[in-house]
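Colleague: Sharing a structure with you now.
Number of protein chains: 2
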Amino acid sequence: MRLAIVGTGTVGSSVAQLAGDYGHTVTAMANVEAATIDSGGIDVEAALERQHEGERHLGEDDPEDALEADYDVLVEATPVTLGDAQPGFGHLERALQLDRHVVLANKGPMAERYGEVMDLAEQSAGEVRFEATVGGAIPVLSTIEDYGPETITAARGVLNGTANFILSRMASAGLGYEHVLAEAQDLGVAETDPSFDVEGTDAALKCVILANVLAEGDREYTLEDAAVEGIKDIPESALELAQEDGRTIRLIGEVAGGEIRVGPRLVPEHSELAVTGTTNIVQLETENAGRLNLSGRGAGGPETATAMLADVGRLPPL
Amino acid sequence: MRLAIVGTGTVGSSVAQLAGDYGHTVTAMANVEAATIDSGGIDVEAALERQHEGERHLGEDDPEDALEADYDVLVEATPVTLGDAQPGFGHLERALQLDRHVVLANKGPMAERYGEVMDLAEQSAGEVRFEATVGGAIPVLSTIEDYGPETITAARGVLNGTANFILSRMASAGLGYEHVLAEAQDLGVAETDPSFDVEGTDAALKCVILANVLAEGDREYTLEDAAVEGIKDIPESALELAQEDGRTIRLIGEVAGGEIRVGPRLVPEHSELAVTGTTNIVQLETENAGRLNLSGRGAGGPETATAMLADVGRLPPL
Numbered sequence: 001m002r003l004a005i006v007g008t009g010t011v012g013s014s015v016a017q018l019a020g021d022y023g024h025t026v027t028a029m030a031n032v033e034a035a036t037i038d039s040g041g042i043d044v045e046a047a048l049e050r051q052h053e054g055e056r057h058l059g060e061d062d063p064e065d066a067l068e069a070d071y072d073v074l075v076e077a078t079p080v081t082l083g084d085a086q087p088g089f090g091h092l093e094r095a096l097q098l099d100r101h102v103v104l105a106n107k108g109p110m111a112e113r114y115g116e117v118m119d120l121a122e123q124s125a126g127e128v129r130f131e132a133t134v135g136g137a138i139p140v141l142s143t144i145e146d147y148g149p150e151t152i153t154a155a156r157g158v159l160n161g162t163a164n165f166i167l168s169r170m171a172s173a174g175l176g177y178e179h180v181l182a183e184a185q186d187l188g189v190a191e192t193d194p195s196f197d198v199e200g201t202d203a204a205l206k207c208v209i210l211a212n213v214l215a216e217g218d219r220e221y222t223l224e225d226a227a228v229e230g231i232k233d234i235p236e237s238a239l240e241l242a243q244e245d246g247r248t249i250r251l252i253g254e255v256a257g258g259e260i261r262v263g264p265r266l267v268p269e270h271s272e273l274a275v276t277g278t279t280n281i282v283q284l285e286t287e288n289a290g291r292l293n294l295s296g297r298g299a300g301g302p303e304t305a306t307a308m309l310a311d312v313g314r315l316p317p318l
Numbered sequence: 001m002r003l004a005i006v007g008t009g010t011v012g013s014s015v016a017q018l019a020g021d022y023g024h025t026v027t028a029m030a031n032v033e034a035a036t037i038d039s040g041g042i043d044v045e046a047a048l049e050r051q052h053e054g055e056r057h058l059g060e061d062d063p064e065d066a067l068e069a070d071y072d073v074l075v076e077a078t079p080v081t082l083g084d085a086q087p088g089f090g091h092l093e094r095a096l097q098l099d100r101h102v103v104l105a106n107k108g109p110m111a112e113r114y115g116e117v118m119d120l121a122e123q124s125a126g127e128v129r130f131e132a133t134v135g136g137a138i139p140v141l142s143t144i145e146d147y148g149p150e151t152i153t154a155a156r157g158v159l160n161g162t163a164n165f166i167l168s169r170m171a172s173a174g175l176g177y178e179h180v181l182a183e184a185q186d187l188g189v190a191e192t193d194p195s196f197d198v199e200g201t202d203a204a205l206k207c208v209i210l211a212n213v214l215a216e217g218d219r220e221y222t223l224e225d226a227a228v229e230g231i232k233d234i235p236e237s238a239l240e241l242a243q244e245d246g247r248t249i250r251l252i253g254e255v256a257g258g259e260i261r262v263g264p265r266l267v268p269e270h271s272e273l274a275v276t277g278t279t280n281i282v283q284l285e286t287e288n289a290g291r292l293n294l295s296g297r298g299a300g301g302p303e304t305a306t307a308m309l310a311d312v313g314r315l316p317p318l
């Protein structure tokens with residue numbers, strides 16, 4: 001397939017770099033400032049080097065022209081935005097209008113405007129896939145799709161690696177939140193402004209997307225429907241107390257009974273949910289097959305790219 | 001899709017019972033002794049009741065006619081056989097000759113005659129899928145398929161629930177093998193003749209199938225290529241000794257570096273591989289996304305049926 005990659009940060013760059021290994025050709029790449037377009041295939045390494053040289057000067061083309069180029073799949077990897085989910089939603093809209101496929105890592109459109117996305121997809125010859133929006137490399141959405149969303153009665157898990165790293169480190173090292181946050185920032189596991197992760201918003205968006213997928217159009221959810229509590233107020237003493245009782249604390253997101261909740265929760269210390277470091281886990285409760293546990297790396301350039309390329313592989317030819 | 005279900009034991013019956021929920025019609029059912037065929041759709045409950053009434057008298061039709069009936073997908077759920085993998089292989093061969101799809105739970109053809117199956121599939125308009133042959137309800141093969149077999153560098157796991165139940169119970173209760181085997185047989189977790197499970201053969205067949213999938217035709221494996229050791233000689237003292245060191249013992253199957261090994265192995269007692277009871281787990285090591293852990297119910301009628309119906313859902317129309 002020919003890929004137009006819009007958003008050339010960590011994830012978009014990784015997709016561009018791995019595309020050839022999967023037999024695909026990158027025919028357009030665009031960031032906010034510039035684009036490079038070549039129907040015969042872009043020299044990805046050269047383009048990324050130009051971008052790296054401080055000016056984000058990916059190429060000589062206009063970013064808007066990238067959406068009009070020759071491609072089969074729009075790879076939408078621009079940063080998540082809430083509310084109107086722009087410009088990501090607009091990118092998706094244009095590609096579908098042109099009857100192209102869309103594969104997203106950007107959670108915005110799928111969490112905040114799910115119904116509209118599905119309507120646009122219905123009217124298009126192109127399809128929309130978004131495995132990378134939930135759980136990074138973990139095959140959550142394809143598993144739900146294959147087993148049938150109607151057979152999944154609940155989904156829960158650890159969906160944010162930053163928050164989980166902090167909590168599991170607080171627990172294992174007996175250190176306080178601020179100290180461990182600083183460690184996480186030094187390691188590049190937490191952002192300079194970590195609020196999106198530690199307040200639970202990132203995990204909540206993923207749960208909203210899960211809820212939308214499981215509802216199959218019967219009901220539409222947005223971030224406003226989630227009850228969200230973050231990890232900033234957990235004292236180290238709470239973790240010690242939990243441990244005395246054979247438990248620990250993790251930031252758990254759950255979709256069940258039409259409700260979406262994200263918050264710190266006590267879990268048995270060796271439970272599947274007590275993953276450590278930046279590992280993510282999703283537990284699916286199924287009607288006929290009990291519980292499925294899927295865990296792995298929930299974030300990272302190559303990791304997320306893997307999920308996007310798996311999605312590309314499941315698209316039918318146009 | 002219209003399903004012809006050959007083999008109406010635990011798994012085949014479950015597929016028949018659940019087919020309607022997934023929008024499919026059962027147009028043929030056959031066991032060794034009899035068959036029932038109806039292009040308009042079989043009354044599954046009535047057929048299973050007749051079978052249940054001690055004479056396995058599923059219907060008035062000849063089992064061989066089931067393969068010639070009107071159906072899109074042959075659901076092959078007859079008991080596993082080694083070597084020539086008959087009659088399962090013959091059922092698959094006939095369906096593919098007639099340009100129908102085949103979905104298997106029967107490990108025999110995929111472990112012992114993988115290359116021949118792939119050749120037949122290539123010459124047929126029908127496709128062959130076999131998720132249910134490895135890890136029951138756990139989406140192992142579809143995950144490998146979506147992520148690309150060439151990107152999976154190793155696969156390992158606990159692939160037999162009977163052996164795992166016995167070992168985890170020996171460890172947790174401090175009981176010996178014979179005692180726990182008897183418990184397992186009372187619970188229906190182990191067969192009267194448990195050798196297929198406790199000698200590691202079942203786990204080995206699953207690993208052989210994994211090895212065939214990962215090799216993508218570069219090399220073909222059969223059960224003879226697996227180095228297999230079972231659990232019958234593990235004294236309870238070995239588990240105590242392991243526990244003093246923070247470890248336990250599990251029957252682990254691994255496919256890596258072109259080799260297939262099944263045998264008891266020491267694992268850290270809270271490692272992901274230290275699943276308890278009849279739970280199965282498969283760990284995939286990937287090139288770009290680190291380790292994926294997939295765990296859940298590895299056996300059971302409805303569980304395995306779920307995997308077969310997920311396979312049916314991924315088949316293209318004929």
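Chain order of the listed sequences is A and B. At position 167 of the first sequence the residue is numbered 167 (the UniProt record's numbering), and the sequence of numbers has no breaks. At position 25 of the second sequence the residue is numbered 25 (the UniProt record's numbering), and the sequence of numbers has no breaks. Glycine included, every Cβ here is placed at the ideal spot set by N, Cα and C.
Using CA atoms only, rank isn't needed, just tell me which of A:S39, A:A215 and A:H57 is closest to E259 (chain A).
Modeller: Ranking the options by Cα distance to E259 (chain A), first place goes to A:A215.
Colleague: Using a Cβ cut-off of 9 Å (strictly closer), state whether R250 (chain A) contacts chain B.
Modeller: So, not an interface residue.
Colleague: Could you work out which residue in A:G296, A:A289, A:E244 and A:G263 is closest to E272 (chain A) when comparing CA atoms only?
Modeller: Nearest C-alpha to E272 (chain A): A:G296.
Colleague: Measuring alpha carbon to alpha carbon, tell me which of B:L120, B:E303, B:L309 and B:G176 ends up nearest T10 (chain B).
Modeller: The residue with the shortest Cα to Cα distance from T10 (chain B) is B:E303.
Colleague: For chain A, is any of its Cβ atoms less than 9 Å away from the one on H270 (chain B)?
Modeller: Yes, its Cβ sits closer than 9 Å to a Cβ of chain A.
Colleague: Just reading off the alpha helix (DSSP H) that V267 (chain B) is part of, what are its end residues?
Modeller: From DSSP, V267 (chain B) is part of no alpha helix (DSSP H) but of the beta strand (DSSP E) over E259 to P268.
Colleague: Ignore the nearest five residues each way along the sequence and tell me which others in L181 (chain A)'s own chain have a CB closer than 8 Å to its CB.
Modeller: I166, A190, P194 and V198, listed in sequence order.
Colleague: Taking 9 Å as the CB-CB limit, is P317 (chain A) close to chain B?
Modeller: Answer no: the Cβ-Cβ gap between P317 (chain A) and chain B never drops below 9 Å.
Colleague: Between the C-alpha atoms of T153 (chain B) and E127 (chain B), what's the straight-line distance to the nearest angstrom?
Modeller: Computed Cα separation, rounded: 26 Å.
Colleague: Would A171 (chain B) and A242 (chain B) qualify as a contact pair, given that the criterion is a beta-carbon distance under 9 Å?
Modeller: Contact: yes.
Colleague: Using DSSP bridges, identify the partner residues of H52 (chain B).
Modeller: H52 (chain B) is not bridged to any residue.
Colleague: What is the rounded straight-line gap between the Cα of E236 (chain A) and the Cα of G176 (chain A)?
Modeller: So the alpha carbons of these two residues sit roughly 5 Å apart.
Colleague: Identify which residue in B:Q123, B:D21, B:V15 and B:R113 has its Cα closest to the Cα of A30 (chain B).
Modeller: The candidate whose alpha carbon is nearest that of A30 (chain B) is B:V15.
Colleague: If I measure Cβ to Cβ from V44 (chain B) and keep anything under 8 Å in the same chain, skipping five residues before and after, which residues do I get?
Modeller: A16, Q17, A19, G20, V26 and M29.
Colleague: Give me the Cα-Cα distance between V73 (chain B) and E122 (chain A), rounded to the nearest whole angstrom.
Modeller: Answer to the nearest angstrom: the Cα atoms are 28 Å apart.
Colleague: Compute the Euclidean distance between the alpha carbons of D70 (chain B) and T78 (chain B), then round it to the nearest angstrom.
Modeller: Taking the straight line joining both Cα atoms gives about 20 Å.
Colleague: Please list, in chain order, the residues of the region 234-258 of chain B that have any C-beta partner in chain A closer than 9 Å.
Modeller: So the list is empty, because no residue satisfies the distance condition.
Colleague: Mind pulling the beta strand (DSSP E) runs of 3 or more residues that sit fully within the region 265-313 of chain A?
Modeller: Qualifying beta strand (DSSP E) stretches, in chain order: 279-286 and 290-297.
Colleague: May I ask you to report which of helix, strand or coil DSSP gives H101 (chain B)?
Modeller: Strand, per DSSP.
Colleague: Within 10 Å of its beta-carbon, does D311 (chain A) have 16 or more other beta-carbons around it, so buried, or fewer, so exposed?
Modeller: By the neighbour-count rule (16 or more Cβ atoms within 10 Å), D311 (chain A) is buried.
Colleague: Grab me the residues of D65 (chain B)'s own chain with a C-beta within less than 7 Å of its C-beta, minus the 5 sequence neighbours each way, in chain order.
Modeller: A35 and I37.
Colleague: Output the distance between the C-alpha atoms of A211 (chain A) and E287 (chain A), rounded to the nearest integer angstrom.
Modeller: Their Cα atoms are separated by approximately 17 Å.
Colleague: Among the candidates A:C207, A:Q185 and A:A125, whose CA atom is the shortest distance from the CA of V158 (chain A)?
Modeller: Selected option, being the one with the closest Cα: A:C207.
Colleague: Can you name the residues of chain B whose CB is closer than 7 Å to the CB of P302 (chain A)?
Modeller: By Cβ distance, chain B contributes N288 and A289.
Colleague: Show which residues of chain B have a CB atom less than 9 Å away from the CB atom of L292 (chain A).
Modeller: Those are A137, I138, P139, L294, S295, G296 and R297, listed as they occur along chain B.
Colleague: Within 10 angstroms of the Cβ of E244 (chain B), are there 16 or more other Cβ atoms? Answer buried if so, exposed if not.
Modeller: The residue in question, E244 (chain B), is exposed, as its Cβ has fewer than 16 Cβ neighbours within 10 Å.
Colleague: Within the same chain, show all residues whose beta-carbon is closer than 6 Å to that of Y221 (chain B), passing over the 5 residues directly before and after it, in chain order.
Modeller: For Y221 (chain B), where only same-chain residues beyond five positions count, the Cβ hits under 6 Å are V208, A211 and N212.
Colleague: Would you kindly check if the distance between the Cβ of S142 (chain A) and the Cβ of D218 (chain B) is under 9 Å?
Modeller: No; because the gap between Cβ atoms is not below 9 Å, this pair is not in contact.
Colleague: Measure from the alpha carbon of P87 (chain A) to the alpha carbon of each residue in A:V275, A:L292 and A:R113, then state which is nearest.
Modeller: Ranking the options by Cα distance to P87 (chain A), first place goes to A:R113.
Colleague: Hey, quick one: how far does the alpha helix (DSSP H) through G12 (chain A) stretch, first residue to last?
Modeller: G12 (chain A) -> alpha helix (DSSP H) spans T10 to A19.
Colleague: Looking at chain B, which residues of the region 66-88 of chain A have a Cβ within less than 9 Å of any of its Cβ atoms?
Modeller: Those would be none; no residue qualifies.
Colleague: Do L67 (chain A) and A95 (chain A) have their C-beta atoms closer together than 9 Å?
Modeller: Contact flag set, yes.
Colleague: So, with DSSP's three-state summary, where would you put G157 (chain A)?
Modeller: G157 (chain A): strand per DSSP, three-state reduction.
Colleague: Would you say A105 (chain B) reaches chain A, if we count a Cβ-Cβ gap shorter than 9 Å as a contact?
Modeller: So, not an interface residue.
Colleague: Here's a check: name, in chain order, each residue in its chain whose Cβ is nearer than 7 Å to the Cβ of residue 333 (chain B), leaving out the five neighbours to either side.
Modeller: As shown, chain B starts at 1 and ends at 318. That puts residue 333 (chain B) outside it, with no answer to give.
Colleague: Could you check whether the Cβ of A307 (chain B) sits closer than 9 Å to any Cβ belonging to chain A?
Modeller: Yes, because at least one Cβ of chain A sits closer than 9 Å to the Cβ of A307 (chain B).
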